[in-house]
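Everything below concerns the one structure shown next.
Number of protein chains: 2
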Amino acid sequence: MPSLHPSIDNGITKGDPNFSGGKLYCRCADNKVEVTLSANVLHNHACGCSKCWKPRGALFSVVGVIPVDKLSVTANAQKLRIIDSSAAIQRNACKECGVHLFGRIVNDHPFKGLDFVHTELSSERGWQEPQFAAFVSSIIEQGFDPKGMDDVRGKFREVGLQTYDVLSPPLMDAIATYTAQKSGKPHL
Amino acid sequence: MPSLHPSIDNGITKGDPNFSGGKLYCRCADNKVEVTLSANVLHNHACGCSKCWKPRGALFSVVGVIPVDKLSVTANAQKLRIIDSSAAIQRNACKECGVHLFGRIVNDHPFKGLDFVHTELSSERGWQEPQFAAFVSSIIEQGFDPKGMDDVRGKFREVGLQTYDVLSPPLMDAIATYTAQKSGKPHL
Chain A
69 MPSLHPSIDN GITKGDPNFS GGKLYCRCAD NKVEVTLSAN VLHNHACGCS
119 KCWKPRGALF SVVGVIPVDK LSVTANAQKL RIIDSSAAIQ RNACKECGVH
169 LFGRIVNDHP FKGLDFVHTE LSSERGWQEP QFAAFVSSII EQGFDPKGMD
219 DVRGKFREVG LQTYDVLSPP LMDAIATYTA QKSGKPHL
Chain B
69 MPSLHPSIDN GITKGDPNFS GGKLYCRCAD NKVEVTLSAN VLHNHACGCS
119 KCWKPRGALF SVVGVIPVDK LSVTANAQKL RIIDSSAAIQ RNACKECGVH
169 LFGRIVNDHP FKGLDFVHTE LSSERGWQEP QFAAFVSSII EQGFDPKGMD
219 DVRGKFREVG LQTYDVLSPP LMDAIATYTA QKSGKPHL
């Protein structure tokens, strides 16, 4: 069984509901980029998409969101660059070590106002644990053998995570609601 | 609770594994378009997308697939027209009553070779029953009140159907495998 993610492979450690934030660091030996989060993350989840940063050897990223006003770059901001400014989520990565410090949405989008972050870049404990696994089938597009998918979904279930090939139902409903509101549907 | 679909609202009737096909008819009073299927359908499912034909008052379509060589138009083919020839699935509908007789894929696509059909257009019994519910959150985009989504997903579960906001995991894996093969991934 390949690694899903270091924070999932050996079971999940529950977060602390009273945890109030902490600092993320890139993986450079010195002059680390420092990002300060003044709240816990929400909707933390494993993600199989090809664009989210993941640690070497892991099939999945683990990524959560936080309101933009709870995030600030507090050291070495000059080392950040945007990976792809045309992507819906502009991933701000360290130019030197490549780690993504935060992803920001700048265009109209149902999740605009939320930044995407990886709490494994913090040494603090208490961050919300992964709540579900998203975009699971997408790992096949990146070269994973489809024969292994039952094992992958089975392992997620074993550690208590539901698996989805898009986002979770509440998030998919939120996206659909946003789409309906933009098109002026009568119910909304 | 609004109608999900007439074949689901009061529980599901199991199909006959030995059933070998039958005829579909449009809903015109006379000169009905007749489509003959020489096999049962596969992957029959409820679908919440906006493009599949659904009976009046139903929130969901019920649609299955059949290999193209098992489908033939056997009467009044001249009444068929393609709703949108630019869509991935070209839905062939009766010009008069509007019912979709079959949907065909003509461009490269993971499901090319399969036609999409609605077995409720047949008076025969034995067709495969719905296996799951797909694109559930999409009904919101068509004006369904998001507050009702728990009831909708709950009702599907009550009749024994899993709900997904895309297709089912095996079909999503098949699509991802097709995508990986097209891009020449090493594992495949």
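Chains A and B are the protein sequences, given in the same order.
Its first residue numbered 69, the first sequence is counted upward by one per residue in this note's numbering.
Its first residue numbered 69, the second sequence is counted upward by one per residue in this note's numbering.
We treat Cβ as the ideally placed atom computed from N, Cα and C, and that holds for glycine.
No experiment lies behind these values; they were computed from the predicted model shown.
| Asked | Found |
| --- | --- |
| Could you have a look at B:R193 and say whether DSSP puts it in helix, strand or coil? | coil |
| Taking the CB atoms as reference points, tell me whether A:A202 and A:C117 lie closer together than 9 Å. | yes |
| Spatial neighbours of B:F200 within its chain, please: CB distance less than 6 Å, with the 5 preceding and 5 following residues excluded, ordered by chain position. | H113, L229, Q230, S236 |
| Rounded C-beta distance between A:W121 and A:V185? I'm assuming under 8 Å. | The Cβ separation is near 10 Å, so there is no contact. |
| Thinking C-beta only, is A:V174 closer than 9 Å to A:I80? | no |
| So A:I208 contacts chain B; which residues on that side make the cut at Cβ distance below 7 Å? | D241, A244, T245, A248 |
| Does the Cβ of B:D69 have 16 or more other Cβ atoms within 10 Å, making it buried, or fewer, making it exposed? | The displayed chain sequence assigns Met, not Asp, to residue 69 of chain B. Exposed: under 16 other Cβ atoms inside 10 Å. |
| Starting from the N-terminal side, write out each stretch of the alpha helix (DSSP H) that is 4 residues or longer and does not extend beyond the stretch 140-176 of chain B. | none |
| Does the beta-carbon of A:N86 have 16 or more other beta-carbons within 10 angstroms, so that it is buried, or is it exposed? | exposed |
| Please return the same chain residues whose Cβ sits closer than 8 Å to the Cβ of B:L148, not counting the five positions on each side in sequence. | V101, V141, N160, A161, C162, K163, L169 |
| CA-CA distance, A:L256 and A:T247? | Residue placement at A:L256 cannot be trusted, given a pLDDT of 48 that sits under 50; what the coordinates show is reported in the next sentence. Cα to Cα, A:L256 sits roughly 11 Å from A:T247. |
| Please state whether DSSP places B:V131 in a helix, a strand or coil. | strand |
| Suppose you measure from the CA of B:I243 to the CA of A:L182; what does that come to, to the nearest Å? | 30 Å |
| So if DSSP puts B:H113 in a beta bridge, which residue, or which two residues, is it bridged to? | B:V131 |
| Less than 9 Å between the C-beta atoms of A:K138 and A:S106, yes or no? | yes |
| Does chain B have any CB closer than 9 Å to the CB of A:V109? | no |
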